[in-house]
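First up is the structure itself, then whatever we jot down about it.
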DNA sequence: TGAGAGAATGTTAACGTTAACATTCTCTCA
DNA sequence: TGAGAGAATGTTAACGTTAACATTCTCTCA
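Chains as they are written, first to last, in the working numbering: chain S, 188 to 523; chain G, 188 to 523.
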């Protein structure tokens with residue numbers, strides 16, 4: 188009885204049909220050159236006839252590894268960023284000849300402990316945990332000692348390697364970009380207050396302003412949509428002191444720009460705007476939005492590396508991957 | 188020597204430490220209730236002490252299956268649609284307690300044969316092949332007999348189950364929607380001519396028009412971007428006979444709408460526009476674009492079902508999953 | 001107290017593969 | 001032709017688990 192369709196043949200079956208030992212059949216299966224051409228041909232023919240499929244289970248039982256990395260995700264895997272990180276992981280895996288064992292968790296089971304508990308019995312040599320920004324058991328989680336574990340998280344963890352986009356660095360880059368162009372009052376328009384991305388971007392913005400000795404004006408908040416950005420843009424349009432706006436995603440940035448223009452202001456001549464995610468390329472006519480682009484592919488690739496080659500030291504590493512500010516046409520020199 | 192970190196313990200080690208047989212240790216590992224509480228406790232303690240991790244390889248060698256489905260992808264996994272299908276697959280898998288073994292192929296290795304050849308030696312009970320629209324060896328590919336194989340493709344295959352979004356159905360829905368609102372001349376604005384999505388949507392549009400006895404005007408083509416849509420919109424604005432435009436993606440639709448408005452026409456009062464993908468929700472202020480939304484989650488879920496429960500019959504099934512037209516505010520009754 | 005039943009635990013063998021070693025074959029060269 | 005070398009092929013054992021069966025323990029009840 189074999190895997191899959193239930194009719195598969197083993198090497199023993201192949202060997203019997205080809206009138207050789209299983210070892211010789213194994214040698215053919217693994218491309219050893221210590222087999223005479225006619226013997227090889229006979230074995231190959233037997234394999235084809237029986238539809239032989241090597242048993243992954245038996246092979247890895249012998250080999251002691253799986254050449255696969257586990258990845259646990261929860262929630263919306265197609266959210267911006269997430270999907271590129273997933274792509275970064277699978278691409279790095281493909282390059283090393285690894286497969287990815289993907290495990291989707293229902294939102295109500297999305298804890299590090301549960302993800303890890305399930306992954307432990309799957310065929311993986313290491314695991315990457317990519318749940319929400321901060322899973323409920325983040326602080327108390329202890330990784331299984333037999334499985335190198337990497338958490339994609341902006342926070343440092345006592346036992347596991349962690350990696351994520353540098354949210355604070357994003358804010359610093361944007362604030363500095365504005366400052367270098369003469370802006371002094373740099374507004375922050377966040378998304379939903381409670382979201383992790385919002386909190387850390389806002390914190391970064393505040394810190395950057397303080398570090399540079401600039402005034403921190405009360406931030407405003409939308410709900411990540413363009414319409415909420417539009418409303419906020421209308422408020423900001425009447426505020427003459429506002430020359431630079433850091434919108435915490437692109438949709439809000441677009442909303443703000445449309446509102447400012449509807450209110451008779453020019454972007455970027457009167458007000459400069461920068462968004463985050465660089466998610467609008469080619470989507471909106473005649474809008475070249477300056478935006479901060481995270482390097483999600485690299486986050487994924489490094490997470491994979493950490494899982495396959497766990498670093499030796501006592502302290503687990505915490506890696507923040509910087510992105511880049513893509514300069515387009517919505518930022519100008521401050522003119523007042 | 189164990190899997191992963193190379194220090195793991197086997198059930199035999201656990202059993203020795205707990206002073207029981209491996210079978211009793213196995214019973215504890217599998218939650219059998221035929222173990223005395225104090226024995227169970229001793230075994231559990233030994234497991235914890237040794238960091239015991241069950242061997243997937245040994246278990247599936249015995250069980251004869253893996254409870255995992257292989258998924259081969261190539262190219263941009265984050266493209267619209269693709270990611271939702273991936274999500275559909277993983278969600279269905281999670282519900283059944285299956286894992287997904289994801290294999291990313293480099294574009295130059297993205298043939299069905301190569302994907303399948305590699306997957307055959309991974310721990311999967313079935314496979315889903317999701318490469319481009321029509322991989323180069325689509326016609327000649329023969330699936331391994333030991334591995335139920337599903338191809339995500341708009342085309343029928345002689346040996347494998349196939350499934351995809353109903354691209355033709357999309358066109359029919361959109362054309363009928365326009366017709367029901369009195370439109371007679373329904374224009375098609377495609378994306379890149381050679382792309383599969385473009386070809387099949389255009390074909391569906393032509394067929395639907397012919398079926399309804401309507402005039403087929405020469406289609407126009409952009410490159411999927413909003414800017415290309417804007418250019419085409421400017422051409423269409425001067426054509427008084429044009430009251431209904433089927434844009435083959437949302438970005439082009441947006442470009443067209445902006446151009447029409449800049450040319451002094453009203454959308455939808457003067458010209459109605461429908462896009463495809465429903466990808467703009469919340470992204471553009473004050474634009475409620477009617478758009479055809481594919482049911483990617485269902486495509487993924489059904490692909491998973493086909494891979495786990497291959498249908499018996501002689502002819503492999505070919506499933507086209509219908510989407511829905513999401514009516515918003517860019518379609519009105521024809522007024523001329 | 002001692003038989004008997006049923007619960008708890010143990011032993012054996014097998015899943016399919018391949019490393020390590022053992023044997024047999026084939027060919028070359030004196 | 002026959003020894004010897006090296007190529008080709010074969011045998012054995014082990015990876016870790018668990019089903020099937022075997023044995024031992026524990027408790028109840030006459």
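Idealized CB from N, CA, C, for every residue including glycine. All values derive from a computational prediction rather than experimental measurement.
Quick one: using the 10 Å Cβ neighbour count with 16 as the cut-off for buried, is residue i buried or exposed?
| i | result |
| --- | --- |
| residue 272/S | buried |
| residue 274/G | buried |
| residue 298/S | buried |
| residue 196/S | buried |
| residue 303/G | buried |
| residue 306/G | buried |
| residue 288/S | buried |
| residue 511/G | exposed |
| residue 290/G | buried |
| residue 370/S | buried |
| residue 217/S | exposed |
| residue 344/S | buried |
Going straight from the alpha carbon of residue i to that of residue j, what length do you get?
| i | j | result |
| --- | --- | --- |
| residue 476/S | residue 350/S | 28 Å |
| residue 423/G | residue 316/G | 40 Å |
| residue 521/S | residue 508/G | 53 Å |
| residue 434/G | residue 361/G | 10 Å |
| residue 514/G | residue 365/G | 11 Å |
| residue 244/S | residue 504/G | 31 Å |
| residue 524/S | residue 416/G | This structure cannot speak to residue 524/S, because chain S is shown only from 188 to 523. |
| residue 384/S | residue 248/G | 44 Å |
| residue 426/G | residue 452/G | 11 Å |
| residue 368/G | residue 403/G | 18 Å |
| residue 561/S | residue 214/S | Residue coverage of chain S in this structure runs from 188 to 523, which leaves residue 561/S outside it and unanswerable. |
| residue 449/G | residue 377/S | 31 Å |
| residue 239/S | residue 409/S | 59 Å |
| residue 339/S | residue 517/G | 41 Å |
| residue 419/S | residue 405/S | 13 Å |
| residue 284/S | residue 464/G | 34 Å |
| residue 430/S | residue 458/S | 4 Å |
| residue 401/S | residue 380/S | 23 Å |
| residue 502/G | residue 230/G | 52 Å |
| residue 506/S | residue 311/G | 33 Å |
| residue 301/G | residue 281/G | 27 Å |
| residue 439/G | residue 322/S | 39 Å |
| residue 519/G | residue 372/S | 45 Å |
So, at 8 Å on beta carbons, what are the nonlocal neighbours of residue i in its own chain, with the 5 sequence-adjacent residues on each side left out?
| i | result |
| --- | --- |
| residue 135/S | Since the first and last residues shown for chain S are 188 and 523, residue 135/S lies out of range. |
| residue 132/G | Missing from the structure shown is residue 132/G; chain G here goes from 188 to 523 and no further. |
| residue 488/S | 275, 276, 278 and 279 |
Leaving aside the five residues before and after residue i along the sequence, list all residues of the same chain whose C-beta is less than 6 Å from its C-beta, in chain order.
| i | result |
| --- | --- |
| residue 466/S | 267 and 437 |
| residue 444/S | 454 and 460 |
| residue 337/G | 315, 348, 490, 493 and 494 |
| residue 233/S | 201, 204 and 205 |
| residue 189/S | Legend: pLDDT at residue 189/S = 36, less than 50; position of this residue unreliable, no value from coordinates given. |
| residue 395/G | 358, 359 and 362 |
Spatial neighbours of residue i within its chain, please: C-beta separation below 7 Å, excluding the five flanking residues on both sides.
| i | result |
| --- | --- |
| residue 392/G | 358, 362, 375 and 433 |
| residue 209/G | 198, 199 and 202 |
| residue 387/S | 341, 354 and 355 |
| residue 421/G | 446 and 450 |
| residue 428/S | 372 |
Please name the residues in the region 268-294 of chain G whose beta-carbon is closer than 8 Å to at least one beta-carbon of chain S, in chain order. 270, 271, 273, 274, 277, 278, 280, 281, 286, 287, 288, 289, 290, 291, 292 and 293
Tell me whether the region 336-350 of chain S and the region 495-506 of chain S touch, counting them as touching only if at least three CB pairs, one residue from each stretch, are closer than 8 Å. yes
Scan the region 228-241 of chain G for residues whose Cβ lies nearer than 7 Å to a Cβ of chain S and list them as they occur along the chain. 238, 240 and 241
If you measure beta-carbon to beta-carbon, which residues of the region 305-318 of chain S are closer than 8 Å to chain G? 307, 308, 309, 310, 311, 312 and 313
Quick check: the region 478-495 of chain S against the region 319-330 of chain S, are at least 3 beta-carbon pairs closer than 8 Å? no
Can at least three beta-carbon pairs, one atom from the region 217-233 of chain G and one from the region 208-228 of chain S, be found at a separation below 8 Å? no
Residues in the region 415-427 of chain S having any Cβ partner in chain G nearer than 8 Å: 416 and 417
At a cut of 8 Å, does the region 259-270 of chain S reach the region 244-262 of chain G through at least three beta carbon pairs? no
Of the residues that make up the region 329-340 of chain G, which ones have a beta carbon closer than 9 Å to any beta carbon in chain S? 331, 332, 333, 334 and 335
Which of the residues in the region 375-401 of chain G, read from start to end, lie with their CB under 7 Å from any CB of chain S? none
Select from the region 443-461 of chain S all residues with a C-beta closer than 7 Å to any C-beta belonging to chain G, and list them in chain order. 445
For the region 459-482 of chain S, list every residue whose C-beta sits within 9 Å of some C-beta in chain G, in sequence order. 466, 467, 468, 469, 470, 471, 472, 473 and 474
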